[in-house]
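J.:
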Amino acid sequence: MRLVVVDDHPLFVRGLELLLPITTDGRAEVVASTGDAAAAAALVSQWHPDLALVDLHMPPPGGIRAVGAIRRTTPRVRVVAMSGSADPAPALEALRAGAEGFLPKTSEPEELLPPLLAVLEGWAVLPAELLHAMLRPTRTAPVDLDGEERRLLRAIAAGRNTIEIADELHVSERTVKRMTAALLRKLRVSNRAEAAALAGHAGLLDE
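First residue of the sequence shown? That's 1 in the UniProt record's numbering, and the numbers climb one at a time after it.
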């Protein structure tokens, strides 16, 4: 897994460069980095990594704009936002800008590989505490969902993968992918993380 890191903290970046290859048995490496949010999209376009890690709290134009710029210029590159803050608001903004997930900068290098691999497989990743902070139930469904759509949305919010959802709904994996794409369009969200947030706001996770 080739990563580009967008972060203005040189020690953090250097730590990832040194420790990621060691802690992942060479499965992940930082191929390029920048501390300039404005240069992020160009750097990602140059290196074509598998994934970009973007710090949200950077000098203007800031990490959230960097996320959006990367997604516009290289839509096939997955983006994961990172922050040392527990405030859920910037993380939610990053998800709306196109990030596929959020990880705290307090994560140890050996803890990063599973969620990053999950993102590459098409899943969204959020730490549990952030998800709980984001999911303030309003008990109002975001749109009119039928029973099957609600079951799918709850499964997505629970972090189940395509195979597990297919088994639960008794359909094929291909059908799950088609249903998920249709659900995201219906909810008017860009990824599974935003869908999970909507599920929590609607109180669907407690059904």
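Built from N, CA and C at the ideal position, the CB exists for glycine as well. Computed from a prediction, not measured in an experiment: that's the story for all the values here.
Leaving aside the five residues before and after Glu129 along the sequence, list all residues of the same chain whose C-beta is less than 8 Å from its C-beta, in chain order.
T.: Here the question's residue 129 lines up with position 129 in the sequence shown. Only Ala86 meet the Cβ criterion.
J.: Excluding the 5 residues flanking Trp47 on each side, which residues of the same chain have their C-beta closer than 6 Å to its C-beta?
T.: As a first step, residue 47 is located in the sequence shown; it is residue number 47 there, counting from the start. Cβ within range, chain order: Val4, Val31, Ala32.
J.: Measure how close the beta-carbons of Ala66 and Val77 come, nearest whole angstrom, since I'm counting them as under 8 Å.
T.: The sequence position of residue 66 within the sequence shown is 66, counting from 1. The sequence position of residue 77 within the sequence shown is 77, counting from 1. Their Cβ separation, rounded to whole angstroms, is 12 Å, which puts Ala66 and Val77 out of contact at 8 Å.
J.: Report buried or exposed for Arg192, applying the criterion of at least 16 other Cβ atoms within 10 angstroms of its Cβ.
T.: Here residue 192 refers to the residue found at position 192 when the sequence shown is read from its first residue. Its Cβ being crowded by 16 or more others within 10 Å, Arg192 is buried.
J.: For the pair the segment 16-26 and the segment 109-122, tell me if three or more CB-CB distances fall below 8 Å.
T.: These segments touch.
J.: My assumption, with CB atoms under 8 Å, is that residue 287 sits in contact with Ala81. Please give the rounded CB distance.
T.: The structure shown does not extend to residue 287, since the chain is modelled only from 1 to 207, so the question has no answer here.
J.: Whose C-beta lies closer than 6 Å to the C-beta of Gly84 among residues of the same chain, with five residues either side of it excluded?
T.: Position 84 of the sequence shown, counting from 1, holds the residue named residue 84. Within the same chain, Gly84 has close Cβ partners Lys105.
J.: Please go through the same chain and pick out, in chain order, the residues whose beta-carbon is closer than 7 Å to the beta-carbon of Pro49, but skip the five residues on each side of it.
T.: Along the sequence shown, read from residue 1 onward, the residue named residue 49 stands at position 49. So the qualifying residues of the chain are Arg2, Leu3, Val4, Val31, Val77.
J.: Measuring alpha carbon to alpha carbon, tell me which of Ala124, Thr175, Val125, Leu126 ends up nearest Glu149.
T.: Within the sequence shown, the letter at position 149 stands for residue 149. When only C-alpha atoms are compared, the closest one is Thr175.
J.: Rounded to the nearest angstrom, what separates Thr74 and Leu145 at their Cα positions?
T.: Here residue 74 corresponds to residue number 74 of the sequence shown, with the count starting at 1. Here residue 145 corresponds to residue number 145 of the sequence shown, with the count starting at 1. Rounded to whole angstroms, Thr74 to Leu145 spans 32 Å at the Cα level.
J.: Please return the same chain residues whose Cβ sits closer than 8 Å to the Cβ of Lys177, not counting the five positions on each side in sequence.
T.: Residue numbering aside, residue 177 sits at position 177 when the sequence shown is read from its first letter. Around Lys177: Thr162.
J.: How should Asp167 be labelled, buried or exposed, when 16 other C-beta atoms within 10 angstroms of its C-beta is the threshold for buried?
T.: Numbered from its first residue, the sequence shown carries residue 167 at position 167. By the neighbour-count rule (16 or more Cβ atoms within 10 Å), Asp167 is not buried but exposed.
J.: What first and last residue would you give for the beta strand (DSSP E) that runs through Met82?
T.: Your numbering for residue 82 matches position 82 in the sequence shown. Per DSSP, Met82 belongs to the beta strand (DSSP E) from 78-83.
J.: Here's the rule: buried if 16 or more other CB atoms are within 10 angstroms of the residue's CB, otherwise exposed. What is Leu11?
T.: For the purposes of this step, residue 11 is identified with residue 11 of the sequence shown, where counting begins at 1. That one is exposed.
J.: Taking the alpha carbon of Pro90 as the reference point, which residue from His170, Leu126, Ala182, Leu169 has its own alpha carbon closest?
T.: Here residue 90 is taken as the residue at index 90 of the sequence shown, counted from 1. Of the listed residues, the one whose Cα sits closest to Pro90 is Leu126.
J.: Classify Asp55 as helix, strand or coil using the three-state DSSP reduction.
T.: The residue labelled residue 55 in the question sits at position 55 within the sequence shown. Three-state DSSP puts Asp55 in a strand.
J.: Using the DSSP secondary-structure output, state which residues sit across from Thr34 in a beta bridge.
T.: For the purposes of this step, residue 34 is identified with residue 34 of the sequence shown, where counting begins at 1. Val6.
J.: Beta strand (DSSP E) containing Pro104: first to last residue?
T.: Reading the sequence shown from its first residue, position 104 is the one you call residue 104. Taken as a continuous stretch (DSSP letters only), the beta strand (DSSP E) holding Pro104 covers 101-104.
J.: Secondary structure at Glu108, three-state DSSP: helix, strand or coil?
T.: In the sequence shown, the residue the question calls residue 108 occupies position 108. Reduced to three states, the DSSP call for Glu108 is coil.
J.: On a CA-only basis, which of Leu117, Leu120, Met58, Glu121 is nearest Ala94? Give me that one, please.
T.: For the purposes of this step, residue 94 is identified with residue 94 of the sequence shown, where counting begins at 1. When each option's Cα is compared against that of Ala94, the closest is Met58.
J.: Spatial neighbours of Ala124 within its chain, please: CB distance less than 6 Å, with the 5 preceding and 5 following residues excluded, ordered by chain position.
T.: As a position in the sequence shown, residue 124 is number 124, starting the count at 1. For Ala124, where only same-chain residues beyond five positions count, the Cβ hits under 6 Å are Glu100, Gly101, Asn191, Arg192, Ala193.
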